[in-house]
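Step one of this worksheet: look at the structure below.
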Ligand SMILES: *Cc1c(COP(=O)(O)O)cnc(C)c1O
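Residue numbers (UniProt numbering): 1 to 382.
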């Protein structure tokens, strides 16, 4: 097991975020937890176990591999929905274990029906509608045919959900496009209605849509980034705070990423540090090496930019981020020694390195930064 660094996930912070979201959305709306991308880097298995303890019983994943990890951890105590890829030969596993899945093309509709028939068990499906993102989903004009098919195959398919996904609800610049998508989805719903077909639930909102466009909440919200204590964008945070008297971020970051000082070196003024010549010491310096680099998800674009916390002080990454190591300037820290805690994301004494500051430096989105954190790093619930 990798010992170079550790990810801690904060049970209390997650509980706080869930309480906030439940209050915001109300009791009638199902709060589902989106855990694709290794639970946004938090560690899928550890995260869903914690989420279940915090009363989350509904999860969305991208593929079968992720669904299997949750199913092994929590079994039939929770609902699992696959939004993306299911290989043909995994459909039987999904249907047998009542794992729900999106259907966004005729091919999968027919395949799922066939396998459900063989297994003599209904496939539980969510029909995804293409409303303007132009990625996946049935077009509005395909709906009559799909509706007739669903009626014909009632014995084999359970029409559990009707859904869509918005193309960038986190940015006000996309306002019109999202509004049009909302209208298109309504139309789809009405079309199914004319065939007397009603899904059990309708869902469309991700974090940003759920905050910015309350009408998208419907019966269930698919919440990723917010439950991890982060905002989809600053615009979303600002529009939320504008509706409140107290301008305080109600969310708490769930993730902490820590490592330790591996060794310390003195460097003379005029010497270069690390590969090449990207950093020259202007004074005599003291450098600490930390045993993690871009292979663990610490982006190379943090070279000469990244910040870490050591002994309660902020230290700058000097030189390029290597595959397995970074070097940081500890010249100003008298007592620094091998084995001292290094915080890459999180708090130390009064200081904090947020995911946002981290990703601003490296021009990555919150989402990308988190999901790039290597799976080999152990995750621990705190
Ligand atoms: C990732 C994803 C979500 C969750 O998005 P957040 O912005 O993290 O809340 C919801 N729906 C779909 C289809 C997704 O792919």
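Ideal placement from N, C-alpha and C gives every residue a C-beta, glycine not left out.
Any beta carbon of chain E sitting closer than 8 Å to that of residue i?
i: residue 245; result: Within the model displayed, chain E is absent; a lone protein chain is all it includes.
Does at least one heavy atom of ligand 1 sit under 7 Å from the Cβ of residue i?
i: residue 224; result: yes
i: residue 269; result: no
i: residue 212; result: no
i: residue 208; result: yes
i: residue 232; result: yes
i: residue 34; result: yes
i: residue 83; result: yes
What does DSSP give as the partner residue(s) for residue i in the beta ladder?
i: residue 347; result: 352
i: residue 327; result: 289, 318
i: residue 46; result: Paired residue(s): none; residue 46 is not in a bridge.
i: residue 121; result: According to DSSP, which records beta bridges pairwise, residue 121 is partnered with nothing at all.
i: residue 79; result: 58
i: residue 342; result: 259, 310
i: residue 380; result: 8
i: residue 110; result: Beta-bridge pairing links residue 110 to no other residue.
i: residue 92; result: Note: residue 92 sits in no beta bridge, so no partner.
i: residue 128; result: 163
i: residue 100; result: 81
i: residue 21; result: In DSSP, residue 21 forms no bridge with anything.
i: residue 201; result: 161
i: residue 31; result: 221
Looking at residue i and ligand 3, is the gap between the Cβ and the nearest heavy atom below 7 Å?
i: residue 165; result: Within the structure as shown, ligand 3 is missing, the only ligands being ligand 1.
Confirm, please, whether the CB-CB distance from residue j to residue i is below 8 Å.
i: residue 328; j: residue 316; result: yes
i: residue 15; j: residue 54; result: yes
i: residue 97; j: residue 225; result: no
i: residue 304; j: residue 269; result: no
i: residue 13; j: residue 314; result: no
i: residue 79; j: residue 66; result: no
i: residue 258; j: residue 8; result: yes
i: residue 330; j: residue 310; result: yes
i: residue 102; j: residue 83; result: yes
i: residue 307; j: residue 321; result: no
i: residue 439; j: residue 90; result: No answer is possible for residue 439: the residues shown for the chain start at 1 and end at 382.
i: residue 137; j: residue 95; result: no
i: residue 235; j: residue 171; result: yes
i: residue 2; j: residue 377; result: yes
i: residue 147; j: residue 197; result: yes
i: residue 287; j: residue 267; result: yes
i: residue 158; j: residue 125; result: yes
i: residue 371; j: residue 40; result: yes
i: residue 201; j: residue 161; result: yes
i: residue 38; j: residue 251; result: no
i: residue 59; j: residue 217; result: no
i: residue 87; j: residue 61; result: no
i: residue 361; j: residue 292; result: no
i: residue 353; j: residue 318; result: no
request  = Within the segment 219-302, note down every full beta strand (DSSP E) run reaching 3 residues or more, in order along the chain.
outcome  = 220-223, 255-260, 263-267, 285-290
inquiry  = Any contact between the segment 143-157 and the segment 202-211? By contact I mean 3 or more CB pairs, one from each, below 8 Å.
reply    = no
request  = Determine, using beta-carbon pairs with one atom in the segment 128-135 and one in the segment 169-187, whether at least three such pairs fall under 8 Å.
outcome  = yes
task = At 4 residues or longer, and completely inside the segment 132-188: list those alpha helix (DSSP H) runs for me, N to C.
result = List check, alpha helix (DSSP H) in window: 143-152.
query = How about the segment 233-242 and the segment 252-268: do they share at least three Cβ pairs that are nearer than 8 Å?
reply = no
Cβ contact (3+ pairs, closer than 8 Å) linking the segment 190-199 and the segment 208-217 = no
request  = Decide if the segment 71-85 is in contact with the segment 38-53; the criterion is three or more beta carbon pairs, one per stretch, under 8 Å apart.
outcome  = yes
Three CB pairs or more closer than 8 Å across the segment 31-38 and the segment 212-230 = yes
inquiry  = With a threshold of 8 Å, are at least 3 pairs of Cβ atoms found where one atom belongs to the segment 167-176 and the other to the segment 116-123?
reply    = no
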